[in-house]
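Novice: In terms of my numbering, the sequence shown is residues 1 to 91.
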Amino acid sequence: MLSIPHKLAKGSAAHFILLGLLSLLVLLLSACQDQIMQPLVQGKPIYGVDSNNNLIRFGSMRPDSVTNRNYISGLQDGELILGIDFRPVAG
């Protein structure tokens, strides 16, 4: 039988445990994947204007969540956008 000195046997066990833990850590970290966030269901896009002359877009299912806001430029001092109306060219 092969005899291993006590210090060497202890060190080998510690190295084996450390190697096992590091391998487990590498395995766990490599299994992690960035999840791509799916956009919330917004419904059909609805456009409007706010009191600050911004063209806003929100979804019909989430009117409380503005998804896009763009300032309407080219207005003279004191002019306000009261409403909008647009239709498709083909419609």
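We put the CB at the ideal spot given by N, CA and C, even for glycine.
Treat the numbers as computed from the prediction; the structure is a model and nothing was measured.
Kindly indicate which three-state DSSP category Leu-80 falls into: helix, strand or coil?
Specialist: In this structure, Leu-80 counts as coil in the three-state DSSP scheme.
Novice: Whole angstroms is fine: what's the gap from Arg-69's alpha carbon to Leu-24's?
Specialist: Approximately 47 Å, taken between the alpha carbons.
Novice: Going by C-alpha distance, which of Leu-19, Leu-55, Leu-22, Gln-42 is nearest Arg-62?
Specialist: Checked all of Leu-19, Leu-55, Leu-22, Gln-42; the closest Cα to Arg-62 is Gln-42.
Novice: Hey, how far is the Cα of Ile-56 from the Cα of Leu-22?
Specialist: Cα to Cα, Ile-56 sits roughly 52 Å from Leu-22.
Novice: How about Ile-46 and Gly-59: are their beta carbons less than 8 Å apart?
Specialist: The answer is yes: Cβ separation under 8 Å.
Novice: Within its chain, find whatever has a CB closer than 6 Å to the CB of Ala-13; leave out the 5 residues flanking it on each side and keep chain order.
Specialist: None.
Novice: Can you tell me the Cβ-Cβ gap for Asn-53 and Ile-81, rounded? I've got them flagged as a contact below 8 Å.
Specialist: So it is a contact: roughly 5 Å between Cβ atoms.
Novice: With a threshold of 8 Å on Cβ separation, who are the neighbours of Ser-65 within its own chain once the five nearest residues in sequence on each side are excluded?
Specialist: If we look at Ser-65 and ignore the five residues flanking it on each side, its Cβ neighbours are Leu-40, Gln-42, Phe-58, Gly-59.
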